[in-house]
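As you go down the protein sequences, you meet chains A and B in turn.
Be aware that the first sequence starts at 8, since it is given in my numbering, and climbs by one per residue.
Be aware that the second sequence starts at 29, since it is given in my numbering, and climbs by one per residue.
Scroll down for the structure; my scribbles are underneath it.
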Amino acid sequence: MDAMRAESVSKSFGMVRAVIDLNLTVGSGEIVGLLGPNGSGKSTTMKVMMGILRPDSGKVSVYDVDVLKRPVDARRMIGHVPETPYIYEYLTAAEYLDFVGVAYGIKPEDRKQRVEELLQALQMGEHVNEVMSGFSQGMKQKVAITAALLHRPKALILDESLNGLDPRSARIVKELLHRLAREGVAILFSTHVLEIAEAMCDRVMIMNEGSALAEGSVQELRSLAGLPGSSLEEIFLKLTGSEDTEQIVEALRL
Amino acid sequence: MRPSIVVSLSSVLFKSYLRAGRTGNVDTWTQPTIILFADLLALVAPIVLLQYALQSIPNAFTYILAPMVQQVFVGLPILLTAAVMMAGIMFELGQSAGLSSSEAVNWLPISPREYVMASAASICTAYSPLLAVSVGVTLPLALKFDLMYAWPLSVALSILAFLQGALIVEILRAGMNRVSSTVYRRRGRFGVISRLALITFIFVAIQLAFNPYILYYALDAIASSADYAWFVPMVWPSVAMVDQIRFGILPAALFSALSVAFASLMFDLASRLRAMYWSPTPMNIMIKSSADYVPAAETRSKFGLSPLEAAIALKELRSLVRRKDMARFIAVPIMMVIPFILPTVFSSAESSGGSPGFFLMAFVPFAVTLMLSTIAVGQEGKAVVNVYMLPIPAAEFIKGKLLLTWIISGISTVGIVAVSEIVTPIGIEDIAAVMVACAFVILAGGFFGLGIGARHPDFTLGSRSRYVTLEGFIMGLFIGGAMTLAIFVPVALHLLSPLRFGILTMLPITAVIGSSLTYIAYRYCEKGVVDFLANFRA
């Protein structure tokens, strides 16, 4: 069963075509990586999947719930970590997670257990009653990840969610995502760190200038690019037409 | 100190003042040269107007007016210091705390003295039209009242006083984050409340400081007491002016020199403080002493509010009381009332009549509701993404967002109605009628304001954040004003018209107009919020 599905989705901002006729599916228990250079349309795709950006055309559904018609119902099933963790910095972590918990309708006793588990795992337990304006980028990211996982979502949309995390926390999050996938959670995941994508994703979609260039497992992409035995980085650079990096560095003459 | 660095940095800081909160292309209005035109206008306009106006004063009156003109010359330096200080503090308070720690100068090779001088210069440049006006006002006065011998010193001391004010702002800026953070960390909730009270007090003090009634009394007091307050350094420029006007060249020179020395001392102090607290680091602020998570928000409905509505309202309250840049919105209702109350205080109750009180009773619910509801969406800033991510239905968003607006507007309205009833009594029956009209204004105005805020949000956080676009603000002001007028007209016809239309006829008309406008405003708000929640815009 497709947990998340985008069919022929297009989205433009004025003259800029951010996403062009995109088809994307994420199955239940599957981790799909969305890769692409800056401005390739990954974040826009994720926002459309969340129902927070209305596409110009196409259909989006999460567990058969039409995201465009019933965005609130769709969001109840989704956990999202945005690219930059914009949280309410004037709240304490506890107050923020309370707010998120109420929005998802989580009972106080469940909330307490869940928050304590997640924050302890991410080494944030001591900071729960601190106002978040003093938090580092990584600490804010940990709170955002906790908020996204608080309601045991059936689908996760993670936009560069490992940014700013210390190695231990990044490892914990990666293992947690694998476990959630084994439990049937559908995960759409974007990253610029290709090693992470290679290690984590069942399937990868490479985007460039709003379109899907290629899609499949890393092995399938190697065949597609005609680069057997190569790394995902080499495949990515070849497919996105940016393999001439050495010449660029040479030209800088630093 | 490297002058080129000071000039360059001062230009950068001034541009950031000028362009704060603006996005898009740089146009003529956001170029530093615009200040030169503003200065020129501020200098020439009073010269032309006063030159023309003073010609029409008969000579007999010149003798009567001469002491008042001397008061202006004496009081001007200290008023300019106060003006630039207040303006600088207002700017600082409007800036979100996060910005100051990310200033690029924190890691560029710039010395504290260079920074302080550049920053003070940029403050002086930003408010230089004030100085230009004072020069433009004093020149024709000096010509008319034979004070040209004192005018050059007046200009010089005004510039010095202006710089003094800017340096004091620098001292406050360096100290403010440190003190604020320390209080915040040590005292938890008490720190939050005391900071809010302090900021509100500053805003109200600023409003009082620039009220014409207060200014008049202050000018009089300064001029008459400058002689006796010679030991207060901030008064030295005024003391020098008193001596100069009395042809006391030596004491005038002495106090002028002392003023320069005091400004140098301020510069040194500001530089030392800047060196000590160079890069304000964000503090970890504990609201509770324990590190335990205790769920506070309920998941059961209470007082007719769903848990989500209550959670949104609580979040709004925390935003209002904890954010430095939001504190001014608490002070605004108080600041709005002062200009209306003061004339009543300074004049007799009989002469003020019932109209100002009635106007105030209509104005406060309109203005407070509109202000708080239109900013409700934009003040979320970039964190508005949370509203999109979470499953928040439009109806609960509206109620949660407006609850605090309605409560604050309600309290402000009841307060002003009570004050008006004490100052200019209109009777319990009429007060009840006014309260009905106010309730409709608050209800309809809240829906309408949130509708505007959802359609025209400005998510830019920083200096002089507006939280609503200029277009939205103007629309809100005019349409909201028209709605208030429509709701209040029947009550006004009863209270103010010589025909005294009966309350039993007028009140139902108010109820019909109010209900209709509330319904229309709700639909407008609902559509705006639904569209807003479906299209991420931050």
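Glycine residues also receive a C-beta, built at the ideal position from the N, C-alpha and C atoms.
As the structure is a prediction and not an experimental result, all values here were calculated from the model.
Interface flag, residue i vs chain A, CB-CB below 8 angstroms
i, result
"tyrosine 495 of chain B", "no"
"isoleucine 420 of chain B", "yes"
"arginine 356 of chain B", "no"
"serine 379 of chain B", "In this prediction, serine 379 of chain B scores a pLDDT of 45, lower than 50, which makes its location untrustworthy; the coordinate-derived value is nonetheless stated afterwards. Not closer than 8 angstroms to any Cβ of chain A, the Cβ of serine 379 of chain B fails to qualify, so no."
"tyrosine 550 of chain B", "no"
"lysine 410 of chain B", "yes"
"leucine 333 of chain B", "no"
"leucine 224 of chain B", "no"
Alpha-carbon spacing of residue i relative to residue j, whole angstroms
i, j, result
"threonine 546 of chain B", "proline 137 of chain B", "58 angstroms"
"leucine 158 of chain B", "alanine 115 of chain B", "11 angstroms"
"leucine 60 of chain A", "leucine 342 of chain B", "27 angstroms"
"alanine 377 of chain B", "leucine 181 of chain B", "Its pLDDT being 46, under 50, alanine 377 of chain B is placed unreliably in this model, and the value from its coordinates should be taken loosely. Approximately 44 angstroms between the Cα atoms of the pair."
"proline 31 of chain B", "threonine 61 of chain B", "20 angstroms"
"serine 129 of chain B", "serine 143 of chain A", "Note on serine 129 of chain B: pLDDT 44, under 50, position unreliable in the model; the coordinate value appears next. If I take the Cα positions, the gap works out to 13 angstroms."
"lysine 66 of chain A", "alanine 10 of chain A", "14 angstroms"
"leucine 345 of chain B", "phenylalanine 487 of chain B", "18 angstroms"
"isoleucine 63 of chain B", "leucine 41 of chain B", "14 angstroms"
"isoleucine 213 of chain A", "glutamate 90 of chain A", "18 angstroms"
"leucine 75 of chain A", "valine 519 of chain B", "46 angstroms"
"lysine 352 of chain B", "isoleucine 117 of chain B", "12 angstroms"
"alanine 171 of chain B", "alanine 510 of chain B", "A small correction: the amino acid at residue 171 of chain B is leucine; alanine does not occupy that position in the sequence shown. For leucine 171 of chain B and alanine 510 of chain B, the distance between alpha carbons rounds to 48 angstroms."
"leucine 220 of chain A", "valine 79 of chain A", "31 angstroms"
"serine 35 of chain A", "arginine 210 of chain A", "13 angstroms"
"lysine 49 of chain A", "serine 197 of chain A", "7 angstroms"
"glycine 236 of chain A", "alanine 110 of chain A", "47 angstroms"
Any chain B beta carbon closer than 8 angstroms to residue i
i, result
"arginine 61 of chain A", "yes"
"glycine 21 of chain A", "no"
"arginine 186 of chain A", "no"
"valine 33 of chain A", "no"
"arginine 118 of chain A", "yes"
Range of the contiguous alpha helix (DSSP H) that encloses residue i
i, result
"methionine 503 of chain B", "498–523"
"alanine 162 of chain A", "That residue, alanine 162 of chain A, is in no alpha helix (DSSP H); its beta strand (DSSP E) goes 162–166."
"serine 347 of chain B", "335–350"
"leucine 41 of chain A", "No alpha helix (DSSP H) holds leucine 41 of chain A; the beta strand (DSSP E) holding it covers 38–42."
"glutamate 424 of chain B", "422–451"
"phenylalanine 468 of chain B", "456–483"
"tyrosine 143 of chain B", "140–154"
"tyrosine 416 of chain B", "413–417"
"isoleucine 59 of chain A", "Where isoleucine 59 of chain A is concerned, there is no enclosing alpha helix (DSSP H), given that its DSSP letter is neither H nor E."
Under the three-state DSSP convention, the category residue i falls into
i, result
"asparagine 87 of chain B", "helix"
"histidine 87 of chain A", "strand"
"arginine 77 of chain A", "coil"
"alanine 193 of chain A", "strand"
"arginine 12 of chain A", "strand"
"valine 34 of chain B", "helix"
"lysine 114 of chain A", "coil"
"alanine 219 of chain A", "strand"
"glycine 233 of chain A", "coil"
"phenylalanine 529 of chain B", "coil"
"serine 17 of chain A", "strand"
"glutamate 137 of chain A", "strand"
"threonine 488 of chain B", "coil"
"threonine 99 of chain A", "strand"
"valine 200 of chain A", "coil"
"valine 72 of chain A", "strand"
Start-to-end residues for the beta strand (DSSP E) that takes in residue i
i, result
"valine 211 of chain A", "210–215"
"isoleucine 27 of chain A", "23–34"
"lysine 66 of chain A", "64–69"
Contact list for residue i against chain B, beta-carbon separation under 9 angstroms
i, result
"isoleucine 194 of chain A", "None at all; the shortest Cβ gap to chain B is about 16 angstroms."
Chain A contact residues for residue i, given Cβ-Cβ distances below 7 angstroms
i, result
"valine 464 of chain B", "In chain order: nothing, as chain A lies at least about 35 angstroms away."
"valine 405 of chain B", "Result: empty, since nearest Cβ-Cβ is about 14 angstroms, beyond 7 angstroms."
"phenylalanine 564 of chain B", "Lys54, Ile59, Leu60"
"arginine 483 of chain B", "Here the premise fails: no neighbours, minimum Cβ distance about 16 angstroms."
"methionine 294 of chain B", "In chain order: nothing, as chain A lies at least about 31 angstroms away."
"leucine 336 of chain B", "Val109, Ala110"
Partners in chain A for residue i, counting only beta-carbon separations shorter than 8 angstroms
i, result
"serine 347 of chain B", "Tyr95, Tyr97"
"tyrosine 547 of chain B", "The premise fails here: tyrosine 547 of chain B is roughly 24 angstroms from chain A at the closest Cβ pair, so nothing lies under 8 angstroms."
Interface residues of chain A facing residue i [CB-CB closer than 9 angstroms]
i, result
"lysine 555 of chain B", "The contacting residues do not exist; lysine 555 of chain B stays about 15 angstroms from chain A at best."
Interface residues of chain B facing residue i [CB-CB closer than 8 angstroms]
i, result
"valine 122 of chain A", "Tyr321, Pro323"
Per-residue contacts from residue i into chain B (C-beta, under 7 angstroms)
i, result
"proline 174 of chain A", "Simply none; closest approach about 22 angstroms."
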